[in-house]
Amino acid sequence: MTAFGVTDAGDVLARFDAAETRILLSLSGQLAEMLADVAEPSAGLDPAIGRLFPDAYREDPDASAEFSRFTRTDLAAAKVAAASTVQRSLASTSASDDDPSPSSVAGAGAVPSSSDAEFVLDTEAGWSWLRHLTDLRLTIAARLGVVDDPNAFDEEPDPAQTSDDDLLARGLFDWLGYVQELLIAALEEGAAVRAAGNGGTGTASPPV
Amino acid sequence: MTTTLSDTDIARDTDVVDEAAFASPWVTIVWNDPVNLMSYVSFVFRSYFGFAREEAERLMMLVHNDGRAVVATGNREEMERHVEAMHGYGLWASITKADV
Numbered sequence: 001m002t003a004f005g006v007t008d009a010g011d012v013l014a015r016f017d018a019a020e021t022r023i024l025l026s027l028s029g030q031l032a033e034m035l036a037d038v039a040e041p042s043a044g045l046d047p048a049i050g051r052l053f054p055d056a057y058r059e060d061p062d063a064s065a066e067f068s069r070f071t072r073t074d075l076a077a078a079k080v081a082a083a084s085t086v087q088r089s090l091a092s093t094s095a096s097d098d099d100p101s102p103s104s105v106a107g108a109g110a111v112p113s114s115s116d117a118e119f120v121l122d123t124e125a126g127w128s129w130l131r132h133l134t135d136l137r138l139t140i141a142a143r144l145g146v147v148d149d150p151n152a153f154d155e156e157p158d159p160a161q162t163s164d165d166d167l168l169a170r171g172l173f174d175w176l177g178y179v180q181e182l183l184i185a186a187l188e189e190g191a192a193v194r195a196a197g198n199g200g201t202g203t204a205s206p207p208v
Numbered sequence: 001m002t003t004t005l006s007d008t009d010i011a012r013d014t015d016v017v018d019e020a021a022f023a024s025p026w027v028t029i030v031w032n033d034p035v036n037l038m039s040y041v042s043f044v045f046r047s048y049f050g051f052a053r054e055e056a057e058r059l060m061m062l063v064h065n066d067g068r069a070v071v072a073t074g075n076r077e078e079m080e081r082h083v084e085a086m087h088g089y090g091l092w093a094s095i096t097k098a099d100v
């Protein structure tokens, strides 16, 4: 089960089980692949790309195109970098037993199960996670045909009228949102811990 | 302060130069979307713009209830930087001229 804690230093301690780790690595890898093709002309037709790189000028296609020319490469690189941060976090303690090479990232210690992932996120890495979780959710939503209908996810999908693929995608979408909500709370709690430590009042009681 | 503005404006067409002469401001708008969590939008507003929690919550609720909110006002270059940053966070942001 996904869980987030907060260290004494105010960093976030994250834990994902083996199945969750596999899913996140798979989704993250797929998104990174999609972003690699962002400069291809065909990418312009992909609604997910359209949502990840929206028009900056809604009523001025020329200005939007110019904005896109100047920003898209950097924006895509930042999104890929966030994906890499997430993948590195998950790989840092999830190396399987049959991989004898030492972990490239210093782990916080041995974890009970070889494929669970447990790692510490500072604020910067936490934001990479939040951004990447957002990009994953935006992409899945676009795959489900949802871009701007504000009520699209208000109700649970009807299993009788929804394909298995779409049900699975919706499940992933909801789960990623749950993870993001927990991570936001943990980052806020971490900030409160740091503030209490620096302020010296010690009265800040972080929310659970 | 005006140096950068005039340098930029000279390169643009005369319409924009005329507009700039009246110092017509631009705004950054964040639009509602069905994906981004309310807590995330508020967190981004606080972290990126440095808004106090109350102001971030107010703007987030505007986005949620009215479908959009103006989160920044200023010159075009500055607003483009904000929009690019918002896109980096996955928020649906655009730039437009402020209503006169």
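Read top to bottom, the protein sequences are chains A and B.
Take the first sequence: its letters are residues 1 to 208, numbered as in UniProt numbering.
Take the second sequence: its letters are residues 1 to 100, numbered as in UniProt numbering.
Beta carbons are placed, not taken as given, at the ideal position from N, Cα and C, and that holds for glycine.
Tell me whether residue i, by its Cβ, gets closer than 8 Å to a heavy atom of the ligand ADP.
{"i": "residue 126 of chain A", "result": "Inclusion of the ligand ADP in the displayed structure is not the case, the ligand content being empty and no account of it being possible."}
In chain order, what residues of the same chain lie with their CB nearer than 8 Å to the CB of residue i, ignoring the 5 residues before and after it?
{"i": "residue 49 of chain A", "result": "34, 38, 43"}
{"i": "residue 157 of chain A", "result": "166, 167, 170"}
{"i": "residue 125 of chain A", "result": "85, 89"}
{"i": "residue 63 of chain B", "result": "30, 31, 32, 41, 69"}
Shorter than 9 Å from the beta carbon of residue i to some beta carbon of chain B?
{"i": "residue 8 of chain A", "result": "no"}
{"i": "residue 127 of chain A", "result": "yes"}
{"i": "residue 143 of chain A", "result": "no"}
{"i": "residue 43 of chain A", "result": "no"}
{"i": "residue 69 of chain A", "result": "no"}
{"i": "residue 177 of chain A", "result": "yes"}
{"i": "residue 174 of chain A", "result": "no"}
{"i": "residue 21 of chain A", "result": "no"}
{"i": "residue 56 of chain A", "result": "yes"}
{"i": "residue 146 of chain A", "result": "yes"}
{"i": "residue 53 of chain A", "result": "yes"}
{"i": "residue 2 of chain A", "result": "no"}
{"i": "residue 124 of chain A", "result": "no"}
{"i": "residue 15 of chain A", "result": "no"}
{"i": "residue 138 of chain A", "result": "yes"}
{"i": "residue 130 of chain A", "result": "yes"}
{"i": "residue 11 of chain A", "result": "no"}
{"i": "residue 62 of chain A", "result": "no"}
{"i": "residue 46 of chain A", "result": "no"}
{"i": "residue 135 of chain A", "result": "yes"}
{"i": "residue 59 of chain A", "result": "yes"}
Would residue i count as contacting chain A if we go by Cβ distances under 9 Å?
{"i": "residue 93 of chain B", "result": "yes"}
{"i": "residue 80 of chain B", "result": "yes"}
{"i": "residue 83 of chain B", "result": "yes"}
{"i": "residue 59 of chain B", "result": "no"}
Cutting at 7 Å between CB atoms, please list the residues of its own chain near residue i, excluding the five before and the five after it.
{"i": "residue 57 of chain B", "result": "42"}
{"i": "residue 137 of chain A", "result": "173, 176, 177"}
{"i": "residue 47 of chain A", "result": "142, 147"}
{"i": "residue 132 of chain A", "result": "28, 82, 83, 86"}
{"i": "residue 17 of chain A", "result": "1, 116"}
{"i": "residue 53 of chain B", "result": "46"}
Give every residue of the same chain whose Cβ lies closer than 6 Å to the Cβ of residue i, excluding the five residues on either side of it in the sequence, and list them in chain order.
{"i": "residue 15 of chain A", "result": "3, 118"}
{"i": "residue 64 of chain A", "result": "55, 56, 57"}
{"i": "residue 102 of chain A", "result": "Reliability of the predicted coordinates at residue 102 of chain A is poor, the pLDDT of 45 falling under 50, and no value is obtained from them."}
{"i": "residue 68 of chain A", "result": "none"}
{"i": "residue 45 of chain B", "result": "51, 56, 59"}
{"i": "residue 76 of chain B", "result": "26"}
{"i": "residue 2 of chain B", "result": "At residue 2 of chain B, the pLDDT of 44 sits below 50, so the modelled position is not reliable; the number obtained from the coordinates is stated separately. Excluding sequence neighbours, residue 2 of chain B sits near nothing in its chain."}
{"i": "residue 10 of chain A", "result": "190, 193, 194"}
- What runs of the alpha helix (DSSP H), each 4 residues or longer, lie entirely inside the UniProt domain "Adaptor protein ClpS core" (24-93) of chain B? Entirely contained in the UniProt domain "Adaptor protein ClpS core" (24-93) of chain B, the alpha helix (DSSP H) runs reaching 4 residues are, in chain order, 38-49, 53-66, 76-89.
- Message: So if I threshold CB-CB distances at 7 Å, which residues from the stretch 34-54 of chain B count as touching chain A?
- Response: 34, 35, 36, 37, 39, 40, 43
- Task: Residues of the stretch 65-76 of chain B with a CB closer than 9 Å to any CB of chain A: list them in chain order, please.
- Result: 67
- Task: Mind checking the stretch 74-92 of chain A against chain B and listing, in chain order, the residues whose C-beta falls within less than 7 Å of any C-beta there?
- Result: Identification of residues in the stretch 74-92 of chain A having a C-beta nearer than 7 Å to some C-beta of chain B yields 75, 78, given in sequence order.
- Message: Please list, in chain order, the residues of the stretch 180-200 of chain A that have any C-beta partner in chain B closer than 9 Å.
- Response: 180, 181, 184, 185, 187, 188
- Counting Cβ pairs closer than 8 Å, one from the stretch 74-89 of chain A and one from the stretch 145-156 of chain A, do we hit at least three? no
- Could you name the residues of the stretch 150-170 of chain A whose beta carbon sits closer than 9 Å to any beta carbon of chain B, in the order they occur along the chain? 150, 151, 152, 153, 154
- Item | Secondary structure, alpha helix (DSSP H): runs of 4+ residues fully inside the stretch 22-95 of chain A | If we require 4 residues or more, the alpha helix (DSSP H) runs fully inside the stretch 22-95 of chain A come out as 47-52, 61-92.
- Message: Three or more C-beta pairs under 8 Å: does that hold for the stretch 64-79 of chain B against the stretch 27-38 of chain B?
- Response: yes
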